[in-house]
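**Student:**
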Ligand code: MF3
Ligand code: CO
């Protein structure tokens, strides 16, 4: 959808500025991981995020985006993405994807963490592990890729190796990010027919696979936001924001720059700080 538009390549100083927003998002993730409890509502999680944003003097980039009413998106079980925080109560077996964003000095951050509640099934735990691994697989591919479509190709190739492979949601994709939350290029989660834009230093993208236990076929609820699986099977979303610069890649929304997540792939991120 963005292919005709220009990519915003960032200078190293602009990437450093984006890191500030990325670390606010990382702080929100930490607060959610520590604070989320069975019995809370999804709105309670939104309030936790709002508190962290306020502590940093940062704003949510989701709030008001095409009229979106939350600070974050909270998508539970069969909800894939864009769940609106509200009175849904988190149960002991739930899988809860928390997509969070922040804007600092005009630069946007965006990343999603999934929380698995204490009594969740092994199937659901495996879905979260697989989706997180799919994300790191795509990010690792960025370290050597020549074209952006290699990210999705790597994600699909990973999913193809799995027993009972999960579904890959194709309608929602990663994206460039910078002075706006959604920029070109699209970063799909499957092998695209056309590998797309060349990867050049200064590219900053969000890698955000969404996988499902059952069919990835989906529909949007009457609230015009919440995307759910049609078969009701659980879904999961993980996302990080990654800068490509002259000396390597740097995961801006991971406190360690992506070191732990990339280590199994033999990739060492190169922080610019
Ligand atoms: N991280 C989400 C995405 O890239 C951002 C959702 S913005 C919202 O799609 F306004 F839809 F919440
Ligand atoms: Co995103």
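Residue numbers (the working numbering): 1 to 273. A virtual CB, placed ideally from N, CA and C, is assigned to each residue, including glycine. The model shown is predicted, which means the values in this text are computed figures rather than measured ones.
Between residue 236 and residue 114, which are expected to be in contact by the criterion C-beta below 8 Å, what is the C-beta distance as a whole number of angstroms?
**Tutor:** Position 236 of the chain shown, counted from the start, is the residue given in the question as residue 236. Position 114 of the chain shown, counted from the start, is the residue given in the question as residue 114. Contact holds; Cβ gap of about 5 Å.
**Student:** Leaving out five residues on either side along the sequence, give the residues of the same chain with a beta carbon under 8 Å from the beta carbon of residue 123.
**Tutor:** Position 123 of the chain shown holds residue 123. 213 and 234, listed in sequence order.
**Student:** Taking buried to mean at least 16 other C-beta atoms within 10 Å of its own C-beta, is residue 230 buried or exposed?
**Tutor:** Taking the chain shown and counting its residues from 1, the one referred to as residue 230 is at position 230. It is exposed - the Cβ of residue 230 has fewer than 16 other Cβ atoms within 10 Å.
**Student:** In terms of residue numbering, what span does the beta strand (DSSP E) encompassing residue 211 cover?
**Tutor:** For the purposes of this step, residue 211 is identified with residue 211 of the chain shown, where counting begins at 1. Residues 210-212.
**Student:** For residue 259 and residue 268, which I take to be in contact (beta-carbon distance under 8 Å), what is that distance rounded to the nearest angstrom?
**Tutor:** Sequence index remark: in the chain shown, residue 259 carries index 259 (1-based). Sequence index remark: in the chain shown, residue 268 carries index 268 (1-based). Contact flag correct, Cβ pair sits at about 7 Å.
**Student:** Answer yes if the region 184-198 comes into contact with the region 235-252, meaning at least three C-beta pairs across the two stretches below 8 Å, and no otherwise.
**Tutor:** No, they do not touch.
**Student:** I'd like the span of the alpha helix (DSSP H) that includes residue 47, first residue to last.
**Tutor:** Position 47 of the chain shown holds residue 47. Counting along the chain, the alpha helix (DSSP H) containing residue 47 begins and ends at 42-55.
**Student:** Could you tell me which of 217, 20 and 264 sits nearest to residue 102, measuring between CA atoms?
**Tutor:** Within the chain shown, residue 102 is the residue found at index 102, counting from 1. Nearest C-alpha to residue 102: 20.
**Student:** Could you please give the first and the last residue of the uninterrupted beta strand (DSSP E) stretch that includes residue 134?
**Tutor:** Numbered from its first residue, the chain shown carries residue 134 at position 134. Looking at the DSSP string, residue 134 is not in any beta strand (DSSP E); the run it does join, the alpha helix (DSSP H), is 122-142.
**Student:** Distance, Cα to Cα, residue 270 vs residue 126?
**Tutor:** As a working note, residue 270 is residue 270 in the chain shown. As a working note, residue 126 is residue 126 in the chain shown. Their Cα atoms are separated by approximately 30 Å.
**Student:** Can you list, in chain order, the residues of its chain with a C-beta nearer than 6 Å to that of residue 182? Leave out the 5 residues immediately preceding and following it.
**Tutor:** On the chain shown, residue 182 is found 182 positions in, with the first residue counted as 1. 175.
**Student:** Quick check: is any heavy atom of the ligand MF3 less than 8 Å from the C-beta of residue 110?
**Tutor:** The residue labelled residue 110 in the question sits at position 110 within the chain shown. Correct: residue 110 has its Cβ closer than 8 Å to the ligand MF3.
**Student:** Could you spell out the range, first to last residue, of the beta strand (DSSP E) harbouring residue 22?
**Tutor:** Within the chain shown, residue 22 is the residue found at index 22, counting from 1. First-last for residue 22: 12-35, but that is the alpha helix (DSSP H), not the beta strand (DSSP E).
**Student:** Quick one: residues with CB closer than 7 Å to any heavy atom of the ligand MF3, in chain order, please.
**Tutor:** Selection output, chain order preserved: 62, 65, 66, 68, 70, 73, 81, 82, 99, 101, 110, 112, 172, 175, 181, 182, 206, 208, 225 and 239.
**Student:** In this structure, how does DSSP classify residue 2 when only helix, strand and coil are distinguished?
**Tutor:** Your numbering for residue 2 matches position 2 in the chain shown. Because the pLDDT of residue 2 is 49, which lies under 50, any placement of that residue in the model is unreliable, and the question is left without a value.
**Student:** Taking the CB atoms as reference points, tell me whether residue 201 and residue 244 lie closer together than 9 Å.
**Tutor:** Within the chain shown, the letter at position 201 stands for residue 201. Within the chain shown, the letter at position 244 stands for residue 244. Closer than 9 Å, so yes.
**Student:** At a cut-off of 8 Å, is residue 177 close to the ligand CO when judged by its beta-carbon and the heavy atoms of the ligand?
**Tutor:** Position 177 of the chain shown holds residue 177. Because some heavy atom of the ligand CO lies under 8 Å away, the Cβ of residue 177 counts as near it: yes.
**Student:** When we look at the beta-carbon of residue 110 and count the other beta-carbons within 10 Å, is it buried (16 or more) or exposed?
**Tutor:** To locate residue 110, count along the chain shown from 1; it is residue 110. Residue 110 is buried by the Cβ-count criterion.
**Student:** Would you list the one or two residues that DSSP bridges to residue 103?
**Tutor:** The count along the chain shown starts at 1 and reaches residue 103 at position 103. Bridge partners of residue 103: 59 and 108.
**Student:** Count the other CB atoms within 10 Å of the CB of residue 221; is the residue buried (16 or more) or exposed (fewer)?
**Tutor:** Stepping through the chain shown from its first residue, residue 221 is reached at position 221. Its Cβ having fewer than 16 others within 10 Å, residue 221 is exposed.
**Student:** By the DSSP assignment, the beta strand (DSSP E) with residue 156 in it spans what residues?
**Tutor:** Position 156 of the chain shown, counted from the start, is the residue given in the question as residue 156. No beta strand (DSSP E) holds residue 156; the alpha helix (DSSP H) holding it covers 149-160.
**Student:** Using only alpha-carbon positions, find the residue among 272, 263 and 224 that is nearest to residue 247.
**Tutor:** Indexing the chain shown from 1 puts residue 247 at position 247. Checking every option, the nearest Cα to that of residue 247 belongs to 272.
**Student:** Just curious, the alpha helix (DSSP H) that residue 260 is in, first and last residue?
**Tutor:** Residue mapping note: residue 260 aligns to position 260 of the chain shown, counting from 1. Unbroken alpha helix (DSSP H) run through residue 260: 259-262.
**Student:** Return the chain-ordered list of same chain residues with a C-beta closer than 6 Å to the C-beta of residue 89, the five sequence neighbours on each side being excluded.
**Tutor:** For the purposes of this step, residue 89 is identified with residue 89 of the chain shown, where counting begins at 1. Closer than 6 Å at the Cβ level, and outside the excluded window around residue 89, lie 41.
**Student:** Using DSSP's beta-bridge definition, name the partner residues of residue 115.
**Tutor:** Translated into the one-based positions of the chain shown, residue 115 becomes position 115. DSSP, once it has assigned bridges, lists 96 as partnering residue 115.
**Student:** Bridge partners of residue 75, per DSSP?
**Tutor:** Working through the chain shown from its first residue, we reach residue 75 at position 75. 97.
**Student:** Do residue 17 and residue 105 have their C-beta atoms within less than 9 Å of each other?
**Tutor:** Reading the chain shown from its first residue, position 17 is the one you call residue 17. Reading the chain shown from its first residue, position 105 is the one you call residue 105. Yes, the Cβ-Cβ distance between residue 17 and residue 105 is below 9 Å.
**Student:** Whose C-beta lies closer than 7 Å to the C-beta of residue 70 among residues of the same chain, with five residues either side of it excluded?
**Tutor:** Taking the first residue of the chain shown as 1, we reach residue 70 at position 70. So the list reads 46, 62, 63, 84 and 85, once near-sequence residues are dropped.
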